[in-house]
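Remarks on the structure that follows.
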Amino acid sequence: MSEKPFFVFPKWSNTAVLVTLAVGAIVPVYLVAIIWFGWSARTLNVGYQPIQPVPFSHAFHAGKLGINCEYCHSDVKRAAFAAIPPTQTCMNCHTQIAANSAKLQWLRNSYGTGNPKMAGMPIPWKQVNELPDYVYFNHAAHVNAGISCLVCHGQVNHMTRVFQAKPLSMDWCLSCHENPGPNLRPRSEVTNLNWTGKNKVKLAGDLGLTVATLPKNLGRYLMKRYHIPSTKLLTDCETCHH
Amino acid sequence: MKARTRNFYIIGDLVLLALIPFGIVAMRRYSYTTVPRFAIIQDMDRMPYLKPQRRSPVFADDRGMRPHIAGTMAQQDFTFVNMAEARAYPGNWPKDHVAIRSGSQYDRIMLGQKLVNGKGQFITRIPIPVTRRLVLRGQKEFDIFCTPCHGFNGMGNGTVNQYVNKLRAAGSSDAGSWVQPSDLTGPGVKFMPDGGIYNVITNGIAVMAAYKDQVPVVDRWAIVAYVRALQLSQKKVAAGRLPKSVRSRLK
Numbered sequence: 001m002s003e004k005p006f007f008v009f010p011k012w013s014n015t016a017v018l019v020t021l022a023v024g025a026i027v028p029v030y031l032v033a034i035i036w037f038g039w040s041a042r043t044l045n046v047g048y049q050p051i052q053p054v055p056f057s058h059a060f061h062a063g064k065l066g067i068n069c070e071y072c073h074s075d076v077k078r079a080a081f082a083a084i085p086p087t088q089t090c091m092n093c094h095t096q097i098a099a100n101s102a103k104l105q106w107l108r109n110s111y112g113t114g115n116p117k118m119a120g121m122p123i124p125w126k127q128v129n130e131l132p133d134y135v136y137f138n139h140a141a142h143v144n145a146g147i148s149c150l151v152c153h154g155q156v157n158h159m160t161r162v163f164q165a166k167p168l169s170m171d172w173c174l175s176c177h178e179n180p181g182p183n184l185r186p187r188s189e190v191t192n193l194n195w196t197g198k199n200k201v202k203l204a205g206d207l208g209l210t211v212a213t214l215p216k217n218l219g220r221y222l223m224k225r226y227h228i229p230s231t232k233l234l235t236d237c238e239t240c241h242h
Numbered sequence: 243m244k245a246r247t248r249n250f251y252i253i254g255d256l257v258l259l260a261l262i263p264f265g266i267v268a269m270r271r272y273s274y275t276t277v278p279r280f281a282i283i284q285d286m287d288r289m290p291y292l293k294p295q296r297r298s299p300v301f302a303d304d305r306g307m308r309p310h311i312a313g314t315m316a317q318q319d320f321t322f323v324n325m326a327e328a329r330a331y332p333g334n335w336p337k338d339h340v341a342i343r344s345g346s347q348y349d350r351i352m353l354g355q356k357l358v359n360g361k362g363q364f365i366t367r368i369p370i371p372v373t374r375r376l377v378l379r380g381q382k383e384f385d386i387f388c389t390p391c392h393g394f395n396g397m398g399n400g401t402v403n404q405y406v407n408k409l410r411a412a413g414s415s416d417a418g419s420w421v422q423p424s425d426l427t428g429p430g431v432k433f434m435p436d437g438g439i440y441n442v443i444t445n446g447i448a449v450m451a452a453y454k455d456q457v458p459v460v461d462r463w464a465i466v467a468y469v470r471a472l473q474l475s476q477k478k479v480a481a482g483r484l485p486k487s488v489r490s491r492l493k
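Listed in order, the protein sequences are those of chains A and B. Position 126, counted from 1, in the first sequence is what the numbering used here calls 126; the numbers after and before it change by one each time, with no gaps. Position 132, counted from 1, in the second sequence is what the numbering used here calls 374; the numbers after and before it change by one each time, with no gaps.
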């Protein structure tokens with residue numbers, strides 16, 4: 001037996017091949033899945049709910065009392081930025097109602113009726129919905145085109161403490177810029193967060209039409225009526241990144 | 243321990259470990275957090291330029307947006323001010339800055355109008371054409387700014403008033419010194435001149451706050467027009483004098 005023996009794979013190599021194949025198939029899929037779900041705006045951004053200096057409840061003011069969004073964010077249809085109201089707006093009511101509440105200490109300080117050292121200081125509200133600085137979002141343009149507040153901010157009238165409800169990612173913005181129709185509603189109902197459009201008589205009234213002349217496709221009709229530009233223009237880079 | 247059992251445990255543990263990241267993802271997705279969001283790749287998400295209402299370390303009070311300096315006004319405010327207001331309240335505006343830059347129809351018409359006539363009384367007529375459009379605009383603005391207290395019918399029982407009444411009935415001290423808002427269809431406002439109502443919206447009255455910062459000039463006149471419409475709506479008219487289309491809806 002001087003012949004050199006052939007190399008013989010050891011017995012465990014049968015298992016090794018199977019294990020390698022299995023790992024090779026599973027690991028890439030696993031990594032892609034983790035990055036896909038983990039590195040998405042829905043995971044990273046949605047649900048941010050900071051604690052604010054004053055425990056203001058939108059659920060109470062906008063929901064239960066039914067105060068219009070524009071009462072406080074009064075510049076929204078004229079300005080690019082929907083301003084956080086000045087202390088004066090809060091004090092339109094709170095000089096009378098719950099004027100001595102401990103929760104409103106910041107208000108009184110800012111207004112000049114609390115700690116005199118802090119008179120005139122702005123209330124340090126924390127911004128919840130925030131876009132990157134290279135996006136030039138214009139509130140007036142959207143609100144006047146019939147995009148409701150809740151399309152981007154969710155049902156704020158149900159939020160006791162406001163949280164970010166939508167991803168506000170570019171992918172998410174584009175999903176509407178590519179097809180704005182379904183998110184449109186009559187301009188007068190933009191701040192009505194309970195609007196459904198199912199009441200045809202009311203809808204016709206809002207649009208100055210009759211029930212018989214209501215358009216079949218409301219979205220397409222409103223796009224024309226509010227002069228919303230074509231999808232091609234809406235998805236142009238410079239529309240948002242000018 | 244048999245080799246097979248051992249392998250089963252090793253693989254099982256690996257699978258369980260591999261599920262942990264998914265657990266974290268699921269937790270982040272379906273819970274609320276006070277931890278500020280973070281970007282894995284920063285790009286240029288935050289730049290040092292100022293956006294409205296941002297903080298700025300340049301100023302002692304951290305405000306990037308500066309409050310008005312007494313006696314000055316922002317350029318864009320030229321469109322929101324008119325001669326009438328400027329003359330009636332000279333203290334509010336610097337004298338040389340009352341020219342109106344905007345070319346809008348309403349502003350041109352209001353130019354030169356006074357809120358107070360020669361005898362020191364408020365003007366009795368809205369100084370801009372009262373069209374159907376203006377009244378509808380007034381309705382919209384009224385529904386936003388006036389209804390919380392005065393109610394949709396203007397009679398002084400808005401949701402805020404109802405809420406305070408509830409508080410008071412429950413004996414809460416939060417009700418404070420609240421007084422029921424006035425009935426805008428009642429004689430007190432009915433016989434007030436248009437300029438007087440405008441003045442109340444602009445500068446407030448008694449416990450009502452001034453709304454000049456929230457409601458621009460034209461919208462204030464529009465609200466005056468709509469308040470007049472609300473007053474007319476309370477007028478009693480004999481059923482026989484109503485148009486046919488309205489009469490058929492009477493029960």
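Every residue, glycine too, gets a C-beta built ideally from N, C-alpha and C. All values derive from a computational prediction rather than experimental measurement.
Please classify Ala481 of chain B as buried or exposed, where buried requires at least 16 neighbouring CB atoms within 10 angstroms. Stepping through the second sequence from its first residue, residue 481 of chain B is reached at position 239. Classification of Ala481 of chain B: exposed, given that the 10 Å Cβ count is below 16.
Among all the DSSP beta bridges, which residues are the ones paired with Val358 of chain B? Mapped onto the second sequence, residue 358 of chain B falls at position 116. DSSP, once it has assigned bridges, lists B:Phe364 as partnering Val358 of chain B.
Taking 9 Å as the threshold (beta carbon to beta carbon), is Ala33 of chain A in contact with chain E? No chain E appears in this structure, whose protein chains are A and B.
How would you list, in chain order, the residues of chain A whose beta-carbon sits under 9 Å from the beta-carbon of Gly418 of chain B? On the second sequence, position 176 is the one that residue 418 of chain B refers to. Correct list: Thr95, Gln96, Ile97, Ala98, Ala99, Asn100.
Could you tell me whether the stretch 425 to 434 of chain B touches the stretch 466 to 473 of chain B, where touching means 3 or more Cβ pairs closer than 8 Å? yes
Please report whether the beta-carbon of Gln49 of chain A lies at a distance below 9 Å from any beta-carbon of chain B. Mapped onto the first sequence, residue 49 of chain A falls at position 49. At least one chain B Cβ lies under 9 Å of Gln49 of chain A.
For Met121 of chain A, which residues in chain B fall below 8 Å Cβ to Cβ? Numbered from its first residue, the first sequence carries residue 121 of chain A at position 121. What Met121 of chain A touches in chain B: Asp303.
Answer with yes or no whether the minimum CB distance from Asp243 of chain A to chain B is below 9 Å. Residue 243 of chain A is absent from the structure shown; chain A starts at 1 and stops at 242.
Proximity below 9 Å, CB of Asp287 of chain B to CB of Pro132 of chain A: For the purposes of this step, residue 287 of chain B is taken as the residue at position 45 of the second sequence. For the purposes of this step, residue 132 of chain A is taken as the residue at position 132 of the first sequence. Contact: yes.
On the DSSP bridge list, what partners appear for Thr275 of chain B? Your numbering for residue 275 of chain B matches position 33 in the second sequence. Looking at the DSSP assignment, Thr275 of chain B forms a beta bridge with A:Tyr48.
Do you know how far the Cα of Val54 of chain A is from the Cα of Pro309 of chain B? For this step, residue 309 of chain B is matched to residue 67 along the second sequence. For this step, residue 54 of chain A is matched to residue 54 along the first sequence. If I take the Cα positions, the gap works out to 22 Å.
Inter-stretch contact (C-beta, 8 Å, three-pair minimum) for the stretch 213 to 227 of chain A and the stretch 178 to 187 of chain A: yes
Taking DSSP as the reference, what is the three-state secondary structure of Phe6 of chain A? Against the first sequence, residue 6 of chain A aligns to sequence position 6. Looking at Phe6 of chain A - three-state DSSP - the assignment turns out to be coil, as it is neither helix nor strand.
Inter-residue spacing [alpha-carbon to alpha-carbon] between Arg225 of chain A and Ala145 of chain A: Within the first sequence, the letter at position 225 stands for residue 225 of chain A. Within the first sequence, the letter at position 145 stands for residue 145 of chain A. Each residue's Cα considered, the two are about 9 Å apart.
Chain-order list of residues whose beta-carbon lies under 6 Å from that of Leu376 of chain B (same chain, five-residue window excluded): Position 134 of the second sequence, counted from the first residue, corresponds to residue 376 of chain B. So the list reads Ala464, Ala467, once near-sequence residues are dropped.
Any chain A beta carbon closer than 9 Å to Pro458 of chain B: Position 216 of the second sequence holds residue 458 of chain B. Answer yes: the Cβ-Cβ gap between Pro458 of chain B and chain A drops below 9 Å somewhere.
Beta-carbon separation (whole angstroms), Phe387 of chain B vs Tyr453 of chain B, contact threshold 8 Å: Here residue 387 of chain B refers to the residue found at position 145 of the second sequence. Here residue 453 of chain B refers to the residue found at position 211 of the second sequence. Rounded, the Cβ-Cβ distance is 6 Å, consistent with contact.
Exposed or buried, what is Thr235 of chain A when buried is set at 16 or more other beta-carbons lying within 10 Å of its beta-carbon? Residue numbering aside, residue 235 of chain A sits at position 235 when the first sequence is read from its first letter. Label assigned to Thr235 of chain A: exposed.
Taking 9 Å as the CB-CB limit, is Asp3 of chain A close to chain B? Looking up residue 3 of chain A in the first sequence gives position 3. Note that residue 3 of chain A corresponds to Glu in the displayed sequence, not to Asp. Not an interface residue.
May I have the straight-line CA-CA distance separating Asp425 of chain B from Gly398 of chain B, to the nearest angstrom? Within the second sequence, residue 425 of chain B is the residue found at index 183, counting from 1. Within the second sequence, residue 398 of chain B is the residue found at index 156, counting from 1. Approximately 5 Å, taken between the alpha carbons.
Does the stretch 152 to 164 of chain A come close enough to the stretch 54 to 64 of chain A that 3 or more CB-CB pairs lie under 8 Å? yes
My understanding is that Ile123 of chain A touches Ser110 of chain A, with C-beta atoms under 8 Å, so please give their C-beta distance in whole angstroms. In the first sequence, the residue the question calls residue 123 of chain A occupies position 123. In the first sequence, the residue the question calls residue 110 of chain A occupies position 110. So it is a contact: roughly 5 Å between Cβ atoms.
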